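A.B. asks: Structure incoming, see below.
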Amino acid sequence: MRQVVLRLLPALLAMLISASALAGEVQVAVAANFTAPMKRIAEEFQRETGHKVLLSFAATGKLYAQITNGAPFDIFLAADDVRPATLEKAGGAVVGSRFTYATGRLVLWSAKPGMVDEKGDVLKAGAFKHLAMASPKLAPYGAAAVETLNGLGVFRALEPKFVLGESIGQTYGFIKSGNADLGFVALSQVVEDGKVKSGSVWIVPDKFHTPIRQDAVLLTRARNNKAAADLLAFLKTEKAKALIRSYGYHS
């Protein structure tokens, strides 16, 4: 038996070396709202393919600026459909690679139980000190928050209470720490497996803002990067879509 194993060892080692050589690396710029689901997707993808995934999270506007200034990303997972399309038109992304990987859901959230009611009437009452949201110039969720406040007719009244985060991730931090009583974040940040993790929440009806279509695109530098192509394909699988839905997105 030992002799058989010894005879097979060179072949087994060759197979392992070959598999290692085929594995690649992909650098992904990810909108901050998609942090939790993308970490889980990357883990599953790495386990199945052997490819290495490097993730960078920030506001969509900030990531877009980094990409246009030459940051070495292979894939852009934005929180809107405008910037990926702009990159595609400008030659910064591979034409035909763009697709919507998720449609985001905006929520009004407080870390305090009972602070936010199920209809969002707390906004009209205005009985709070600070209302957090992501910068509307950098983050699509911030722009959606502004649309919602305007739709409710409370933007001007509440504007003095605004606390702006650079990204939806920083905005969540303001609320979780108590530096803001409540604020607008992504549903994906406050739910997991379909359940609200803590605090109180109002899921903003889609009618109050432009749909938050989140597009993925393959950047030009990664045109021949198999790991990047494989990851984009993986995002379209039912396994990935089910995980995305578990965080409250439409997929």
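FYI, our numbering numbers position 188 of the sequence shown as 946, with every residue one higher than the one before it. From the three backbone atoms N, C-alpha and C, an ideal C-beta is built for every residue, glycine too. Quantities reported herein were computed from a predicted structural model and do not represent experimental measurements.
Give me the Cα-Cα distance between VAL912 and ALA890, rounded to the nearest whole angstrom.
C.D. replies: Taking the straight line from one Cα to the other gives about 14 Å.
A.B. asks: Indicate whether the contact test is met: 3 or more Cβ pairs, each with one atom in the region 892-906 and one in the region 974-984, closer than 8 Å.
C.D. replies: Contact fails: fewer than three Cβ-Cβ distances are below 8 Å.
A.B. asks: Helix or strand or just coil, what does DSSP make of MET891?
C.D. replies: If DSSP states are grouped into helix, strand and coil, MET891 belongs with the strands.
A.B. asks: Just the Cα atoms here: how many angstroms apart are ALA779 and ARG805?
C.D. replies: Caution applies to ALA779, whose pLDDT of 46 falls short of 50 and renders its modelled position unreliable; the value that the coordinates give is listed next. Approximately 16 Å, taken between the alpha carbons.
A.B. asks: Give me the Cα-Cα distance between LEU735 and ALA885, rounded to the nearest whole angstrom.
C.D. replies: The shown model of the chain, from 759 to 1009, leaves out residue 735, and the question about it has no answer.
A.B. asks: Quick one, are the C-beta atoms of ALA790 and ALA816 less than 8 Å apart?
C.D. replies: Yes, Cβ-Cβ distance for ALA790 and ALA816 is below 8 Å.
A.B. asks: Can you say whether ALA800 is buried or exposed, counting buried as having 16 or more other CB atoms within 10 angstroms of its CB?
C.D. replies: ALA800 is buried by the Cβ-count criterion.
A.B. asks: Could you give the first and the last residue of the continuous beta strand (DSSP E) run that contains ASP988?
C.D. replies: It is not in any beta strand (DSSP E) - ASP988 instead sits in the alpha helix (DSSP H) that spans 984-993.
A.B. asks: Run the CB neighbour count on ALA836, radius 10 Å, all protein chains shown included, and call it buried at 16 or more, exposed below.
C.D. replies: When all chains shown are included, ALA836 counts as buried.
A.B. asks: For ALA944 versus ARG863, is the C-beta distance shorter than 8 Å?
C.D. replies: Cβ atoms of ALA944 and ARG863: closer than 8 Å.
A.B. asks: Suppose the cutoff is 8 Å on Cβ atoms and the five residues either side in sequence are ignored; what does the same chain contact list for LYS810 look like?
C.D. replies: Taken in chain order, the residues that qualify are ALA781, GLY782, GLU783, VAL784, GLN804, ALA985.
A.B. asks: What residue ranges within the region 852-889 form continuous beta strand (DSSP E) runs of no fewer than 3 residues, ordered along the chain?
C.D. replies: As far as the region 852-889 is concerned, its whole beta strand (DSSP E) runs of at least 3 residues are 857-862, 864-868.
A.B. asks: Could you compute how far the alpha carbon of LYS847 sits from the alpha carbon of GLY936?
C.D. replies: One C-alpha to the other measures close to 42 Å.
A.B. asks: Which class does VAL788 belong to by DSSP, given the choice of helix, strand or coil?
C.D. replies: VAL788 falls in the strand class under three-state DSSP.
A.B. asks: Helix, strand or coil: how does DSSP classify SER1004 here?
C.D. replies: SER1004: helix per DSSP, three-state reduction.
A.B. asks: By how many angstroms is the C-alpha of LYS997 removed from the C-alpha of SER776?
C.D. replies: In this prediction, SER776 has a pLDDT of 41, which is less than 50 and means its spatial position is unreliable; what the coordinates show is noted afterwards. Rounded to whole angstroms, SER776 to LYS997 spans 27 Å at the Cα level.
A.B. asks: Can you tell me whether DSSP reads GLY936 as helix, strand or coil?
C.D. replies: If DSSP states are grouped into helix, strand and coil, GLY936 belongs with coil.
A.B. asks: What number of angstroms, rounded off, separates the C-alpha of PRO918 from the C-alpha of LYS955?
C.D. replies: So the alpha carbons of these two residues sit roughly 29 Å apart.
A.B. asks: Leaving out five residues on either side along the sequence, give the residues of the same chain with a beta carbon under 8 Å from the beta carbon of LYS820.
C.D. replies: Closer than 8 Å at Cβ, skipping near neighbours: LEU896, GLU924, SER925.
A.B. asks: For PHE966, which option in ASP973, LYS887, LEU866 has the closest C-alpha, if you only look at C-alpha atoms?
C.D. replies: Ranking the options by Cα distance to PHE966, first place goes to LEU866.
A.B. asks: Does the distance from the CB of TYR930 to the CB of PRO795 come in under 8 Å?
C.D. replies: No, these two residues do not count as a Cβ contact at 8 Å.
A.B. asks: Alpha carbon to alpha carbon, what distance is there between TYR1007 and SER946?
C.D. replies: Rounded to the nearest angstrom, the two C-alpha atoms are 7 Å apart.
A.B. asks: For the beta strand (DSSP E) containing GLY923, name the first residue and the last one.
C.D. replies: Residues 920-923.
A.B. asks: Using beta-carbon positions only, say whether PHE831 and ALA974 come within less than 8 Å of one another.
C.D. replies: No, the pair does not count as a contact, with Cβ atoms beyond the cut-off.
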